[in-house]
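Here the structure comes first, spelled out in structure tokens, and everything after it is commentary.
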Amino acid sequence: MRSKVKITVMKQFLPKDIFGHDYTLVSGKTVSSCSMKEGSEFISDGSGNKPEGFCPHAWNSIFKDAHLLTWGGGYPETIGEGKSFGVCPDGLRPVIFKLERIKE
0 MRSKVKITVM
10 KQFLPKDIFG
20 HDYTLVSGKT
30 VSSCSMKEGS
40 EFISDGSGNK
50 PEGFCPHAWN
60 SIFKDAHLLT
70 WGGGYPETIG
80 EGKSFGVCPD
90 GLRPVIFKLE
100 RIKE
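The letter at position 73 of the sequence shown is residue 72 when you use numbering that gives the first Met the number 0, and the numbering goes up by one with no holes.
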């Protein structure tokens with residue numbers, strides 16, 4: 000049975016957190032924070048489509064974990080039943096997500 004998955008933004012890192020200072024692109028523009036805000040929640044409906052308002056780059060990274068949880072899989076021996084963690088691989092401002100299967 001296909002389940003929905005709740006995605007919670009757990010932690011957002013700024014360039015200053017990673018490099019110890021702001022990061023300026025070659026263009027001269029300073030890298031700003033990601034638009035994903037800590038504590039924000041999104042629901043994956045199990046269709047494989049990106050949740051509305053979710054970053055496409057981040058979705059591409061965590062889709063495999065959302066898909067695994069949607070179809071009943073998981074990591075019960077390590078992370079726990081029905082949950083996973085994923086990260087957006089933006090090296091200048093990564094974001095950590097918690098994914099949880101929704102039991103209906």
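Quick reminder that beta carbons are idealized off the backbone N, C-alpha and C, glycines included.
Which one of the options has the shortest CA to CA distance from residue i?
i     : options                       : result
Lys82 : Gly72, Asp89, Pro88 and Val30 : Gly72
Phe53 : Leu68, Lys63 and Lys36        : Lys36
Ser2  : Gly85, Cys87 and Ala65        : Ala65
His56 : Ile17, Leu13, Pro88 and Glu99 : Pro88
Phe12 : Leu91, Arg100 and Glu40       : Leu91
Run the CB neighbour count on residue i, radius 10 Å, all protein chains shown included, and call it buried at 16 or more, exposed below.
i      : result
Gly79  : exposed
Ile42  : exposed
Gly85  : buried
Trp70  : exposed
Phe129 : The structure shown has nothing for residue 129, since the chain only spans 0 to 103.
Starting from residue i and walking both ways along the beta strand (DSSP E), at which residues does that stretch end?
i     : result
Lys82 : Lys82 to Cys87
Lys3  : Lys3 to Gln11
With respect to the alpha helix (DSSP H) encompassing residue i, which residues constitute its N-terminal and C-terminal limits?
i     : result
Asp21 : From DSSP, Asp21 is part of no alpha helix (DSSP H); its letter is neither H nor E.
Should the segment 42 to 56 be regarded as contacting the segment 15 to 31, the criterion being three or more beta carbon pairs within less than 8 angstroms? With fewer than three CB-CB distances shorter than 8 angstroms, the segment 42 to 56 does not count as touching the segment 15 to 31.
Contained beta strand (DSSP E) runs [length at least 3] in the segment 31 to 98, N- to C-terminal order: 40 to 43 and 82 to 87
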